[in-house]
Each structure stands twice: as C-alpha cells, then as structure tokens.
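Below is one structure; the comments refer to it alone.
2 protein chains.
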Amino acid sequence: MDLTPLMKPKSIAVVGASPRMNRATRVITNLQRFGYNGRVFPINPRHAEIHGLPCYPDLASTPETPDTVVVAIPAADVPAILTAAVERGVRGAVVLSSGFAESGPAGQARQAALERLAAERGLLVCGPNCYGVFNIRLGASAFSADMRDPLAGPVAVVSQSGGFSHAIAEHLMRQRRVGVSYIVSCGNQAGVTVEDYVEFLVDDEDTTVIGVFVEGFRRPDTLRRVAARARERGKPIVALKVGRSENARQAMLAHTGSLAGTPEIIEATLRQSGILQVTSLNEMLDTLALLPAAGARRGRWRTAVLSGLGGECGHVADVADREGVELPPLSPGSIEALRTVMPDFGNPRNPLDGTGAMYENAEMFPRLVDVLLHDDGVDVVAVNMRASVPGSGGGAPSRQFARDLAAAVRAGTDRLVFCFGSHAAGDLDQDVVVPLAEAGVPFLEATETAMQALRHAHEYGRIVERASRPSPSPPRPAPAWTRSLGGMLSNAEAMRLLGEFGIPFAETLAAPDADTAVRVAERIGYPVVLKIDSPDVAHKTDVGGVRVGCGDATSVREGFRDVVGSVRARAPQARLDGVLVQRMIAGGTEMILGVQRDPLFGPAIVCGFGGIFTEILRDVAIRVPPLTRDDALAMIDELRGSALLRGARGRRPADVRALSDAIVGLAALAEAHGERLVALDLNPLLVLDEGRGVVAVDWLIQLA
Amino acid sequence: MDLTPLMKPKSIAVVGASPRMNRATRVITNLQRFGYNGRVFPINPRHAEIHGLPCYPDLASTPETPDTVVVAIPAADVPAILTAAVERGVRGAVVLSSGFAESGPAGQARQAALERLAAERGLLVCGPNCYGVFNIRLGASAFSADMRDPLAGPVAVVSQSGGFSHAIAEHLMRQRRVGVSYIVSCGNQAGVTVEDYVEFLVDDEDTTVIGVFVEGFRRPDTLRRVAARARERGKPIVALKVGRSENARQAMLAHTGSLAGTPEIIEATLRQSGILQVTSLNEMLDTLALLPAAGARRGRWRTAVLSGLGGECGHVADVADREGVELPPLSPGSIEALRTVMPDFGNPRNPLDGTGAMYENAEMFPRLVDVLLHDDGVDVVAVNMRASVPGSGGGAPSRQFARDLAAAVRAGTDRLVFCFGSHAAGDLDQDVVVPLAEAGVPFLEATETAMQALRHAHEYGRIVERASRPSPSPPRPAPAWTRSLGGMLSNAEAMRLLGEFGIPFAETLAAPDADTAVRVAERIGYPVVLKIDSPDVAHKTDVGGVRVGCGDATSVREGFRDVVGSVRARAPQARLDGVLVQRMIAGGTEMILGVQRDPLFGPAIVCGFGGIFTEILRDVAIRVPPLTRDDALAMIDELRGSALLRGARGRRPADVRALSDAIVGLAALAEAHGERLVALDLNPLLVLDEGRGVVAVDWLIQLA
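Which chain is which? The protein sequence lines are U and L, in order.
The first sequence lines up with residues 841 to 1544 when you count with the working numbering.
The second sequence lines up with residues 841 to 1544 when you count with the working numbering.
Encoded structure:
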C-alpha cells in the first residue's frame, strides 16, 4: 500500500471549513501556520473565500485534483463525499467526523461504506473518528488539533486516539525538544490501519523510532512482517496496547469500534516481534525520548548515576533494582579520582551523590562527570537533575550542569548519556533541555519511567542481536490425511498427528472388550492404565473412567468391568466403545501443553506445570508459532516453577531439551492447521529424567 | 518530646549568615520574605548588619534567648556552637551542615557529640545534613531551600532528604494548590527523628495528612504508637521508604548514615500500623493531593470516570482494573438520562466518553457531570481533563470544565470528586486548578498515579474501619522458667514452650538407647518416626538422622541402629544423645512457621507452605506481633497457594482456624521473648483436615 498521497500530499482539499472556527477550519489554519508548500482547497458552497484562500463549491470544481481530502461534516454525508472524491481521482481521505463503527448499527453501515471505498476503489482512508495525519517536515497538517511550535525530528507517533497522538507528540516536541516526523491519529481504521502506517514509517528515512497507541490491531500478518523489517533496520517500535481488562475492551468498542483480542496472545505476538510494550503515557514519553539517543546500541548497559540529591541515590538504586538496571560499583581508579574531587563528607560510589558541594563549587560537576565518562566499567551515564523552570530570582544550577554536560559529551564519548528528573511535574526549563538536546542528551522526567526506558532500550539491543540468529524453519503444511477430518479426533488419529509432528506419547490401544484389553496389555507390557473410550466423555476421571496400575490380567478384567460400569452409570447417554489401554509411565514431572486461539491472531502455545501450578498459581508461559528451540527454552525458563525441571530440591534434572522439542513440534502442528485447530491439550505431558524424554499420556484434539 | 521551640519558634538565631548568599543567608532571606513575625538574630563576629538586621558576634550577645538556632558552618565547629547554644538556654537547633554520620569516623564522632547534646541536655536537634524546618503558616522558615509562593494548608511533609522535602512541598503548593502546614527535612536525625516529627504533626490542628520520605526509621515503638494515634484521629500517613535493594541500603548509609533495616519487616510494620506505602514521588504527590479531600471516607468507592478523550476510557479501565479500583456499570436511570444528553454516536457507559461533542457544545459537560453525581451506584466521580497551560491563542476548554465542575460540587454533593490528567507533564494551568481547588476538588496528574492514589484513599477508609475493631490481647510475659535458658533449647524445653503458647506439636520423647526407644514407641503408639537427638545436628535428614514409618519393635531397633550409625559416620564430631521418638502423623498440608528478626524492629512471624512454595516460589506472608486471629487469617489468605487450604482440587478443607491460632500463639511467644529469641522454626507444621487441628512435627528454638 503506497501511502504517499496521505503522508506526503502535494495538495489538500478541506471539506467542511467555514469562516468560523471548527475542526476543518483548524486544519486550514494549521496548514497556513506550519508553512505547508502544497495547494490548499477549502470546499464550501456557501463561501467564496475562507481564511484568505479561494473556496470551491465542491470537489469537482478544484483547479487540480488534490492528493488528499480532509472531511469534517456530519457522518451521514461522508460516504457520498468520498465517492465524489474517488470519482475526482483523489487518492487519500482523512475523515475527522465521528458517528461510524463506534456508534450503533447506522454508524456501522456508514463505516462499511468507507471500507468498501477503501477496498474496492483503493481510497486511502485515514479515520473516521480521528485527528488525521501531520507530516511535520512538510508542515502538511491534515490534522485537526490546536498545535503549536512543531519540531521536526526522528520520532513518529501513531495512535488510534487523536487526543493521545497530540498529547504525546506535543510534549515530546515542546518540553523535551525531541523532534517528531509524523503524527498520525487513525481512529476507527476503516481503510489504512496502524500496521500500514508503521510499514510506511519503517521505510521512511526521516523516522528512526515509532511510538504506537493502539486499541485493536487489524492485520497481524502485516504487523509481524513490518516488525521484522523494523528489526532489520534497527528502528524500535514502542506500543501502548489497551484492552487487558474486560471494561477496557468494552470501552474500545465504544470508542473506535475496535476488537481488543486476547490480551495474552497479542502481548506474546508483540514481544516475539520485538515490539517494546509500555503501560503508561509517561513510560511511553521517556522511552520515546531515550531511544533516538540509544539507537540499536548492543553489548552491556552498566549504568552510573550522578545526582545532587542524596535522597535520590537510594531511591534510584531501589528503582533500578526493580527494573533490572545494573548499577555496578565504580572502578578503583574512579573511586580514587573522585576522592580528590569530592569534599571529605562525600562518598565515591554508584549512585554518586555530588552533595551540596556540587551546587557551591562550579568545578566539581564537570570533574565528576569526567570521571564517570571515563570509567571502563560504565556504559551508560545517567545524571539526575531538577529541570523545573526557576522562579524570578531563583537560582538555576541545572542550567550550568546542562552546559557542562553538553560540553563533555561534545568532547567525545561512546557512552550513552541521559538526564532525568526525580518526578514528572511542571514545565521543563528550556535553558536546561535545549543545550542537552543539541548535544544529543535526552532529558527524561521521572526516576521510575527513566529506569523503565533504560530497560526498554537495553531490551531493544537484545532484540537486534537476536534478529541476526537463525529464524524458525518455514511452516510445514497440514498432513493431507487430516484435511477430511473434523470434530474430536479419535485416539488413533490423534496419535498419528502427534507422531507426525514429533511429539512423543504413550502408546494407547483401543480394546472393545475385556479379552482384547488383556491381549493388548500383554503386548504393551504391565502395568497398564485403562481409560474409557468414548467420543462423548471429555473429563474421564470425573465419571470414574480411569483405572491406573493394572498389573495383571485379572486386574485388567476387573478394571474393564469397573470403568465401563461406572461410566455407564454416571453418563448413561454416552456412547461407549470399550477402553483404551496404555502402558503406565512411572515418574516424571506433570506438565500441560496446549493451544489457545485468538480469532484474528490465530493460535498460541501454552505451557505450564500440571496441578497447582496451573490451576492455582496460573503459572503458564505463552508464545505464538513459529518457535525455535531457543524460544521454547525461554518459555520454560519463564515459568516460576522452572527450577523444578532443572533439578531443584534434590530431584534429578528433567529432560528439558525433549520438552523444548515437544513445544517446537506443537507450534509447528498449530501453525500447520491454523484456524482449523479448534482445541488441543496434552494434559499431562510427563517430563522424564534427563535423557529419557517426554511422554504425553492424555490428549484431546479437535479440528473444525 | 515537646517540639514547639523547633516547630513554632518565637525567635531564631542564624549562625553562618553573611552578606553574600549562602545557606544560612538563604534562611534569613526566607524568613524576611515569608513574613515571619518573630525576632531573627544573625550571628557573625565579622559583620554588624546582615540583610538589614543587626548582627551579633555570638549567641551570648543576643538581646534575648532565641528559641531555635540555625547552624550552617563547617561540621567541625558545630559541636562547640551547639554547646554554647545549650548554655545560652536555646532549646532547638537546626543543623544544615554536612559532614556527620554520612562521612567516615570523624563525622561519626561529631554526630555522636550532637546526639549527646540531644540526649543529655535536651537540645532538640534537627539534622545535621538537612534543609531544616519550615512552618508555613508562621512563615517560620528555618529552612535553606530557595522557596517561592508558599501556600498554607493541611499537608505536612517530613523527609530525611532536603531536596525531596522541597520538591514534594513546592509542587503541591505551586502546581496543585494543595496547601502545606510544615516542611521538615531532618537529614541524619541526630536528635529529633522522623517519628518525633510525625508525633507532633498528628496532634497539630493545622495538619490532616502527613507525607514521609524516609531512609531509616529510628524508633519503631514511637512509630507504632504515633501511627495508632494517627488512625484514631483519622490522619493518614503516606510513606516512601527507600532501602529495598542492597545498593540503596549502601547509598543511604552514605547519605544520612541511616540503617535501612529488613525491608519485609519494616513494610509489614508500616502496613499493620495503617501507614500507606508508595514507591514513587509522583504516586506520593497524587496521594497527598487526594487525601485531604477523601479524608477518612468509609464505605464503598464505586467510581465513575468521565473523559473527553476516547482513548483514555480504555486506558483508565485497564489501569483501574490493575489497581483494584471498581468502575461499575452506570445505573439504568443514568444511561437513559445520558442518551438524551449525548450525540447519537456517544455510548453511555463507564468510563464515559464525552466525545468531541463535549468540546463543541458547552451545555453537555455540566449535564454529564450532573448525571454521574446523581447516580445511586456511584460514590466517586473522577473527571479526566488536560490541564497543561495553553499557548497564546490556544483554546482552553478545561477552564470552562473546571468552572462547571466546581459549580456542580458547590451545589452540594456527598460524592468524592477529583480530576486527573492522562500523564504528568508540564505546568498545570492555574485557571483550571484554582477554581477546582477552591471547590475542594483535587487535580491529580496521571492516570496510573491517580488510580493508585484512589486505591490508597480506599485502603485508608478500611484502615480507619479496622481501627475500631478489638485490638490484640496485651502482650504476655516470657515464662519465668525460660529466663535462665540460653542457646538451642532441648527437645523437652522446646515442647514445653510451644505448649505454653498453645502451639500443638507431635509428642516427642527422648530415648538414649534402643530398648527405651521401643518402650516409648509402645507408649505413644505405632507407627513412629525416629530422629537423631543431638544438640550439634541442625539438619537431621542431611546426615541420615531420620527414619520414618517404624511400625513395630523390630523396626524401631533397626532404625535406632541405622540412625545412630549413619550420623556417627557422617558427623563424627557431634554429641549423640540417642534418638527422639515421635508418633507419625498421617496426611495434612506441610507448612512452615517461623520467626525472622530485624535488629531494631524486632521479630516478625513468617508463614508459608512447605516444599516448593517456600523454596522455589518464595510464597511467604509476614507480619509483626501482636496478631489477632483476623490478622492471622489475612496472612494465610495472602499466600498464593492458600486455595490449597480452602479445599481446592478436590481436597478436603484444612483446619485454617487452628492454623490461625498457631500463628497467633507464635506471635505471642515471639513478642514475649523479644530480642532474646534468636531463632524459631516450625518446619513442617502439618495442617490437618478441618476440625482436626495442626501439629508441629519438627522445631528449632534458640534463645540468646
């Protein structure tokens, strides 16, 4: 999809503008204010001129075909106008109006009309129910917010919510001096979706970091492909995805008609795609401010903190610990150097407390910074300072600190350097922020979000490193023989399918009567387990349908009678085909492997310990296919109880490698069958001692 | 301790002031700027006048005895000056100078001198290494920060860190219009401690909410007593306690010479004392802003949210869900009323999206507010709006919203009403904040911290409700017979002690030889367990010192031989006294009960499940004595695995009541022995089926 007409329009028509201020008029004043070079055509049959521009009665009358039309009129009139636009040859449309998918059946019908124009006539529809698109460099603001002082730069913001797109971008530009390339608010995504914008931005030379606020993704495949390309190009994507709670999911339906999807599966998809996930706007802001400076920095992230606030030193140490940011001890050389710089009562350690002396002796701060920047054990230098605007007559020591720090960075360093305040509050003093920004030093606003941002930047370094590793093998097709199947697979079908995807299971044979059961048991070897064989019984133990530890023929006969009798009594409607005979497996750790599905994002693999871990502690790991063995091992390590498999409490280490192979096989099976796979559970799968493998002992597979 | 001379000084001497600006001079200009009514005496032998005030050569020369002396001179000179002050009859001293406990042996000696003056001569020492004390109402700023525009009000801020005390108070006053009663920065706490200031403030009529930033508490008993009084008076205390991480603990030692203490025990103490705990300055700010309005509000906290940002509605729903804030559906009546107010595309739900129409139609916002304020199912109304200062020419719809909301609140409501922005960033528009503040409506700054603040306010309501419940029984003394004991208790002593505190255990008798072991086993009944009886063996199973399931005399004799033989071979140095014979208990859930100690805060009771829960999942609950049964039950419920005791997975419910009794008994035992109790572990304690009680089957008790 070529978004050029929407993102870099050469001319813009605005439908709905009038001499009094409304959303469409705001677009015109914005275009004028920000020096847009293209032609602007107000459309309004009741006026000859609007804000000094000649006004046209309709789209057919404009002297040339505009690239994009901005529409801010009642929802009912929008489909007709867009149809006229398509007929005029217009390629992009920004629909600011509300009253579509977010608002009942009539609105949904209107949205469907827009979607048809997008799908069938190729119209690039931004919105409806949005603020539009702002290309900052071109001043091309098909964007209805009241904006001031835009600053062009490397960060793109894409948000379904117009208010959030504006709030994030404006704060970055005005307070942090972080430049922005594009602001996109795409509302209901009737045509162009969040994924499409991100695709454009990943290839946009002016953009290096992309921030996304999203209620519902629409094209998971595009998302995965675009995310992979972003990793290759070293462009981080930061996402705030709402919809974890049921209430939020309802709110989103009401806001942009978005389906939130299954939160765990979407989070797994984002994580595996290398998209950084944040949960608050302040975390988003600090992360977007840090990433342009951090880039795709690899290697270690040992961080030294300098503060003029003693209280901050303890506080940031706690926060760094919580966020997994490493604040190592300073090198002996640095400690010695600091002793000569600091007053007697100073303590040369990390975090480094510059003490009140830092404010009194102007030579001290640059010397402290110099020591930290030259410590061989330090990769990142984080300087805590207050940057609220000083009142009249107030001192502003941070201004001098900022100049000193900027000079030190300009003198040359390969360290990542940033500044942070202890809390987010109040305007930032531009006499602090600007010299820092000009030297490439971001200012972050609070200890917590600064450390979160640093964690994200570090994580991004790891993502880029991982991107160069071998990818999972290409997807396997579903075996031909499964194509005709449907419903719950029989025991034999299930075993065959597991076998073809390399998932080991305990051989299980059907026996319609007691004599056959004995013969089968003798062939596979005692002791055996008997399970009721019925397509109608899902939970066998609940109806007395399982008998373990049958050690000889007598016990098998007895077991057959008991199992069939018990199920017949407790589930009289069920069809009974006899029993399944399975060799009993001794020992092993019980685990559960299964497949969960999202209607849009498809299947995900779920892995957890059996028993209390899954049922009471909800200790499960989730990943979407395809998976490599490393992915599967990471998934296992993520479980709180994973130490049990590694040999905790005097156990022998379990066969984690075989478990990871089973997970990889299950992922391939799930991928092969796609949405045909309705349900799959291996419960339990026994993980035996190292070298002895894994064995699924009970399973349930259902195809559509 | 009467802090009046420090907190409400009638006159103040300042040592170290000079005509050029330094920390002492700043105190003088602050006193002048804020209209302090008392007399101010600069002390400096080299000047006759400073900032228009007559200057005195020393403390002996002042025309009257000042209540308090502020000292900002090199640390080495401080003890002599304070001695002179005591001799002059001065009662309070604010020591701004650094170079005390935070800085090596010489500094520690100087701090000891100050502590002696405080302890022996009754001098009220604030600091050293601090910003001092600021009584806002009196303008009595024995406080060295560059302050502007103080606003008197109900919130007191006490902080060891001067920088944080200033940052918190200034932001509350200037941005939020939340008035402050006192700002106290107490640094190293050589004399007056955080607990002492809080004690003063709890009884201060001008203070209703107290915020505390603390590195190390000094007087746990005072803290508990003061917290209880604060609960009685309905004055919430909000604490940010640093020192969770080891690095922070070292940083604090370097900053104010504070010992952080054991984090889990201090957190338990604070929680049980009804002190609200926050982890960031932004959370502190929003909580301190909300609490004066929320007061000790009880009952339900069903919250309705109104926003003009659709994106915020989903976001706040997620955040509320995470924080446990209830956003219930609106009542049918409200939904009907909203349908008449909102445009077609609006959705009357909670959170309520006012949509763009809210900005275009001035009548809409007050009507939406009116509906929410009159919904019978709503106790709290939270209005999301942007309050960053608009640029020149920018619209400011929030100003009108603020006036409308203030008017609605003034018209009378018993709902708690507050506003919040989506993120903390930039100066707050005072034309929004002031009308709200005047109507008693706080403005909070970010969705996350606003919902955290609401959770804290709700929690405070519960704390106040709980405060009226019966308190734990008064402490029992240690039994007289334990006073002469020391070291590891013998088996018989341990059983006697457990018995006296009502903790059930499996009767366990010593048998020096195999014949005795058989006799004992026959008396207590087979099967029995044999355990090595040795004061030198702590982990009996590690040396083969345990034999379970001895069902008859032969097996007891065999077991005796094996156990003694095995321990002799594997621990040849250990003194062996034969074996302990214990009746074997069948079934039950294995739990661990124990006592952990903090040098200052004393003992805490730790409770967890045996095996993987404690060892791998670290699933333990911790409380400090004394405990009521309700406390013990809450402690059990806090365990992630607690469902196991309640009868999960087809188990029979366990005897949770008996377990809670054992916890209460253990708490009484720990309290009775105080710091004499070095170690106590019941591992395991078996919790039997409901009605069958609990039984400790192994124990270790050590007294000092």
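Beta carbons: idealized from backbone N, C-alpha and C, even for Gly.
Computed from a prediction, not measured in an experiment: that's the story for all the values here.
- Contacts between E1055 of chain L and chain U, judged by CB atoms closer than 8 Å, involve G1151 and G1154 in chain order.
- Residues of chain L with a Cβ closer than 7 Å to the Cβ of M1092 of chain U are, in chain order, G1154.
- From the listed residues L:T1109, L:P1183, L:S1228 and L:L1526, the smallest Cα separation to R1207 of chain L is found for L:P1183.
- V1377 of chain L has its alpha-carbon roughly 17 Å from the corresponding atom of T1348 of chain L.
- Counting the other CB atoms within 10 Å of its CB gives W1321 of chain U a total below 16, which places it among the exposed residues.
- In the same chain as G1391 of chain U, and ignoring 5 residues on each side of it, the C-beta atoms closer than 6 Å to its own belong to Y1366 and P1367, in chain order.
- Taking 8 Å as the CB threshold, N1122 of chain U lines the interface with chain L.
- A residue is called buried when at least 16 other Cβ atoms come within 10 angstroms of its Cβ; A1318 of chain U meets this threshold and is buried.
- Unbroken alpha helix (DSSP H) stretches of 4 residues or longer found wholly inside the stretch 1355 to 1442 of chain U: 1393 to 1410, given in chain order.
- A Cβ-Cβ separation of about 7 Å places V1052 of chain L in contact with V1038 of chain L under the 8 Å criterion.
- In the three-state reduction of the DSSP assignment, L1479 of chain L falls in the coil class.
- Setting aside the 5 residues that flank it on each side, E1305 of chain L is surrounded in the same chain by R1138, each with a C-beta closer than 6 Å to its C-beta; the list follows chain order.
- Taken in chain order, the complete alpha helix (DSSP H) segments of 4 or more residues contained in the stretch 967 to 1030 of chain U are 1002 to 1011.
- Chain L places a beta carbon closer than 8 Å to that of P1191 of chain U, counting this residue as a contact.
- Distances from the CA of P968 of chain L to each of L:P914, L:D1267, L:L978 and L:A1007 were compared; the closest alpha carbon is that of L:P914.
- Between V1024 of chain L and L1012 of chain L a beta carbon distance of about 14 Å is seen, past the 8 Å cut, so the two are scored as non-contacting.
- Considering only L:L871, L:A853 and L:V934, the residue with the shortest C-alpha distance to D898 of chain L is L:A853.
- Among the bridge pairs identified by DSSP, P882 of chain L is matched with L:V854.
- When rounded, the separation of the alpha-carbon atoms in T1289 of chain L and V934 of chain U is 35 Å.
- Neighbours of D1184 of chain L in chain U, taken as residues whose beta carbon is under 8 Å from its own, are G939, S943, G944, A946 and G947 in chain order.
- When rounded, the separation of the alpha-carbon atoms in G939 of chain L and F1185 of chain U is 5 Å.
- Sorting U:V1034, U:P845, U:V1460 and U:L922 by C-alpha distance to the C-alpha of E960 of chain U places U:L922 at the top.
- Taking the Cα of L1063 of chain U as reference, the smallest distance to any Cα among U:E1072, U:A1129, U:G1083 and U:V1034 is reached at U:V1034.
- For V1273 of chain U against R1017 of chain U, the beta-carbon gap comes to about 5 Å, under 8 Å, which counts as contact.
- Against chain U, a Cβ distance below 9 Å from G1003 of chain L picks out S1147, G1148, L1149, G1150, G1151, E1152, R1226 and S1262.
- Within chain U, the residues placing a beta-carbon under 9 Å from that of H1011 of chain L are S1228, H1263, A1265 and G1266, ordered along the chain.
- Against chain U, the CB of R1480 of chain L has a partner CB under 8 Å away; the residue lies at that interface.
- One finds nothing in chain L with a Cβ atom closer than 8 Å to the Cβ of S1238 of chain U; even the nearest lies about 12 Å away.
- Take the alpha-carbon of A1483 of chain L and the one of I1425 of chain L: they are about 23 Å apart.
- At a cut-off of 8 Å between C-beta atoms, N1523 of chain L does not count as an interface residue with respect to chain U.
- In the three-state reduction of the DSSP assignment, L1149 of chain U falls in the coil class, being assigned neither a helical nor a strand state.
- Residue pairing by DSSP places N1224 of chain U opposite U:S1147 and U:F1260 in a beta bridge.
- Distance from S1374 of chain U to A1332 of chain U at the Cβ level is roughly 15 Å; contact not present, criterion being Cβ atoms closer than 8 Å.
- Along the length of the stretch 1252 to 1332 of chain L, whole alpha helix (DSSP H) runs at least 4 residues long occupy 1270 to 1278 and 1287 to 1307, reported in chain order.
- If the five residues before and after F1449 of chain U are omitted, its C-beta is found closer than 6 Å to the C-beta atoms of M1431 and G1481, all from its own chain and listed in chain order.
- Residues are counted here when their Cβ sits less than 7 Å from a Cβ of chain U; for the stretch 1155 to 1183 of chain L these are H1155, A1157, D1158, D1161 and L1167, given in chain order.
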